[in-house]
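In my numbering, the protein residues as written are 519 to 894. Cβ coordinates follow ideal geometry from the N, Cα and C atoms, glycine included.
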Ligand code: ACO
């Protein structure tokens with residue numbers, strides 16, 4: 519097979535249709551079920567965006583109220599999940615803790631234990647809502663345990679975003695800060711056939727179950743070339759320290775051929791359509807927190823790296839410092855991404871199941887020629 523016929527990293531390969539979202543790098547736009555993500559971020563609660571991704575339409579007020587009631591009732595953790603979270607090593611990475619807790623949730627679903635239960639697509643919407651409701655409680659508990667704090671029970675008088683922050687910090691930040699968090703969840707919710715969504719679809723294509731597909735998605739998201747970049751952005755900002763250090767730091771990092779986290783994208787080569795919205799949200803927090811040092815560092819790293827390489831920031835660049843200013847530990851940033859992206863993953867898992875074909879590409883062999891075991 520000719521070298522040029524190999525699509526390494528599946529770059530540029532279209533593998534299937536999707537009606538969940540449309541990424542258009544030429545116009546720098548991202549649509550969820552036809553709606554520009556910027557409009558959704560400006561107007562919709564995250565619950566409505568989750569509903570949209572699953573059902574294809576925004577909810578009516580009555581549908582949203584019913585969905586919110588259902589979601590709030592599913593927030594509290596099972597005692598077995600609390601016990602699991604308490605027994606796992608506190609030193610483990612939160613991505614591994616959350617992945618394990620989600621895997622355990624699959625074991626509570628009795629329908630999975632019945633013949634054919636896991637392939638009953640009618641049950642997948644309920645499972646998706648369950649994961650959507652449980653993940654904030656799990657992530658908040660993991661964050662608190664890292665700080666030696668007891669978990670806080672969910673509140674059913676608060677919406678998704680406010681409750682998430684309440685369970686994490688035991689107090690509510692300003693309305694503007696809660697809104698920044700909501701915006702980040704909307705922007706992270708969905709992005710067509712990215713690596714983790716594709717992983718989830720590969721697993722779904724074998725007619726495995728939804729929990730397994732989500733656990734696989736979490737594994738793919740963890741890597742710093744994908745979701746792990748929001749954590750990695752904060753690590754490099756900490757390493758650089760101040761705006762004055764950017765140029766010498768970049769000189770050295772690029773000489774060492776390091777990837778600069780939070781920059782570049784497989785699809786967007788002229789800038790990520792979600793960045794301006796997230797940057798505006800970050801600016802709210804920067805103004806509120808009085809951190810001109812971080813604002814300067816952010817601006818200088820972007821200016822210098824773009825000038826050198828012509829590679830633009832992706833969503834993880836503004837969301838990393840935003841989560842830092844909201845008070846989360848750096849290692850919790852990618853679990854926050856899970857909580858958002860579970861909506862997109864599950865919408866894709868259901869779409870895959872509805873028109874399934876096993877995903878099984880080919881490879882070109884470049885190992886040793888055929889040979890034989892001595893004496894065979
Ligand atoms: N820092 C330094 N160089 C970069 C970066 C970067 N962030 N991104 C791309 N490049 C360079 C590559 O080294 C390569 O250079 P070369 O041609 O001299 O070898 C060239 O640009 C093309 O890069 P590829 O890695 O081939 O581009 P690809 O489309 O495969 O990668 C990716 C995209 C993985 C996102 C890459 O830009 C990267 O590693 N970025 C940093 C990690 C990151 O921020 N990931 C988050 C992605 S968005 C998200 O998940 C929400």
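Beta carbon of residue i nearer than 8 angstroms to that of residue j
i, j, result
"residue 696", "residue 680", "yes"
"residue 704", "residue 522", "no"
"residue 531", "residue 525", "yes"
"residue 655", "residue 685", "yes"
"residue 822", "residue 765", "yes"
"residue 852", "residue 649", "no"
"residue 832", "residue 783", "yes"
"residue 564", "residue 673", "no"
"residue 537", "residue 869", "yes"
"residue 780", "residue 830", "no"
"residue 634", "residue 727", "no"
"residue 789", "residue 546", "yes"
"residue 548", "residue 791", "yes"
"residue 467", "residue 741", "Since the first and last residues shown for the chain are 519 and 894, residue 467 lies out of range."
"residue 867", "residue 776", "no"
"residue 642", "residue 871", "yes"
"residue 698", "residue 840", "yes"
"residue 630", "residue 723", "no"
"residue 519", "residue 882", "yes"
"residue 551", "residue 574", "yes"
"residue 739", "residue 878", "no"
"residue 585", "residue 579", "no"
beta-carbon residue i near ligand 1 non-hydrogen atom, thresh 7 angstroms
i, result
"residue 546", "no"
"residue 781", "yes"
"residue 833", "yes"
"residue 766", "no"
"residue 856", "no"
"residue 754", "no"
"residue 736", "no"
"residue 728", "no"
"residue 528", "no"
"residue 611", "no"
"residue 624", "no"
"residue 758", "no"
"residue 524", "no"
"residue 742", "yes"
"residue 777", "yes"
"residue 845", "no"
"residue 559", "no"
"residue 745", "yes"
Among the options, the one whose alpha carbon lies nearest that of residue i
i, options, result
"residue 658", "688, 633, 634", "688"
"residue 683", "534, 622, 843, 875", "843"
"residue 597", "619, 871, 723, 583", "619"
"residue 767", "727, 793, 628, 820", "820"
"residue 652", "775, 593, 758", "593"
"residue 587", "599, 601, 575, 569", "569"
"residue 590", "627, 676, 811", "676"
"residue 845", "776, 803, 574", "803"
"residue 793", "534, 555, 528, 551", "555"
"residue 611", "866, 813, 664, 801", "664"
"residue 600", "670, 892, 889, 763", "670"
"residue 814", "758, 529, 887", "758"
"residue 529", "785, 733, 691, 750", "785"
"residue 812", "646, 763, 770", "763"
"residue 745", "603, 807, 857", "857"
"residue 733", "810, 615, 632", "615"
"residue 582", "647, 799, 880, 824", "647"
Cβ-Cβ separation, residue j to residue i (assumed contact under 8 angstroms), whole Å
i, j, result
"residue 796", "residue 702", "6 angstroms"
"residue 717", "residue 735", "5 angstroms"
"residue 660", "residue 861", "Incorrect: roughly 20 angstroms between the Cβ atoms, too far for contact."
"residue 721", "residue 730", "6 angstroms"
"residue 712", "residue 855", "Actually they are not in contact, since the Cβ atoms of residue 712 and residue 855 sit about 11 angstroms apart, beyond 8 angstroms."
Proximity test, residue i beta-carbon vs ligand 2 heavy atom, cut-off 7 angstroms
i, result
"residue 866", "As for ligand 2, it is missing from this structure, which binds only ligand 1."
Test: residue i CB closer than 8 angstroms to a CB of chain B
i, result
"residue 741", "Protein chain content of the structure displayed is limited to a single chain, and chain B is not contained in it."
Query raised in the report: Where are the alpha helix (DSSP H) runs, 4 residues long or more, that stay fully inside the segment 820 to 846, in chain order?
Result: Every alpha helix (DSSP H) stretch that sits fully inside the segment 820 to 846 and reaches 4 residues is listed by chain position as 834 to 844.
Query raised in the report: Unbroken beta strand (DSSP E) runs of length 3 or more, entirely within the segment 521 to 573: which are they?
Result: 539 to 542, 547 to 550
**Report entry** Uninterrupted alpha helix (DSSP H) stretches inside the segment 681 to 729 (no shorter than 4 residues)
**Finding:** 693 to 706, 713 to 723
Query raised in the report: Which runs of the alpha helix (DSSP H) fall wholly inside the segment 742 to 806 and span at least 4 residues, in chain order?
Result: Counting whole runs of 4 or more residues, the segment 742 to 806 contains the alpha helix (DSSP H) stretches 747 to 758, 764 to 773.
Query raised in the report: Can you list the alpha helix (DSSP H) stretches of 4 or more residues lying completely in the segment 844 to 877, in chain order?
Result: Unbroken alpha helix (DSSP H) runs of no fewer than 4 residues, entirely contained in the segment 844 to 877, are found at 851 to 872, following chain order.
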